[in-house]
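Q: Numbers in our numbering are just positions in the sequence shown, counted from 1, shifted up by 68.
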Amino acid sequence: MGRIIAGKTSDITPGKMIKVSIGGRDILVANIDGEYYATDDSCTHSGSSLSEGKLDGCTITCGWHAAEFDCKTGKFSKFPVKLRDLTSYDVVVESNNVFVEM
Ligand code: FES
């Protein structure tokens, strides 16, 4: 699909995560200390929108049942049962625009 714009850097300030729809997929884009990361937005437990959960450092906590994932890698990190990792995507910033590579 290539490089798709997710928003302006000013829309995704440090410690914030947003959901963008790209090519029919919901993607979470987060800013961790000025670095941008992107993963699938849908929790691999029951499909909640992770961008409506909590971001603490690089840990995303699902708002429904508190599964945790690493925002930088998409790796599942904590839940009573093992869950699938999230797909993660490369992010490029150019001229204050945030692009997701898909
Ligand atoms: S839907 Fe995310 S932990 Fe259940």
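Where a beta carbon is used, it is the ideal one built from N, C-alpha and C, also for glycine.
No experiment lies behind these values; they were computed from the predicted model shown.
1) Can you tell me which of the three DSSP states Thr-155 falls into?
2) May I ask you to check if the CB of Ala-134 is nearer than 7 Å to at least one heavy atom of ligand 1?
3) Taking 7 Å as the cut-off, is the C-beta of Ser-78 nearer than that to any heavy atom in ligand 1?
4) Quickly, what does DSSP pair Leu-96 with across the bridge? List them, please.
5) Of the residues Phe-147, Thr-155 and Gly-131, which one's Cα is nearest the Cα of Lys-140?
6) Take Tyr-105 as the anchor and find which of Trp-132, Lys-87 and Ser-145 has the nearest alpha-carbon.
7) Leaving out the 5 sequence neighbours to the left and right, which residues in its chain are closer than 8 Å to Ser-145 when beta-carbon positions are compared?
A: Checking against the coordinates, here is how it stands:
1) One-based indexing of the sequence shown puts residue 155 at position 87. Coil at Thr-155, not helix or strand.
2) Within the sequence shown, numbered from 1, the residue matching residue 134 stands at position 66. Because some heavy atom of ligand 1 lies under 7 Å away, the Cβ of Ala-134 counts as near it: yes.
3) Indexing the sequence shown from 1 puts residue 78 at position 10. Flag unset: Cβ of Ser-78 not near ligand 1.
4) Counting from one through the sequence shown, the residue named residue 96 turns up at place 28. Its beta-bridge partners are Lys-87 and Thr-107.
5) To locate residue 140, count along the sequence shown from 1; it is residue 72. Measuring from the Cα of Lys-140, the nearest candidate turns out to be Thr-155.
6) Mapped onto the sequence shown, residue 105 falls at position 37. Checked all of Trp-132, Lys-87 and Ser-145; the closest Cα to Tyr-105 is Lys-87.
7) Looking up residue 145 in the sequence shown gives position 77. Correct list, in chain order: Thr-127, Glu-136, Phe-137 and Asp-138.
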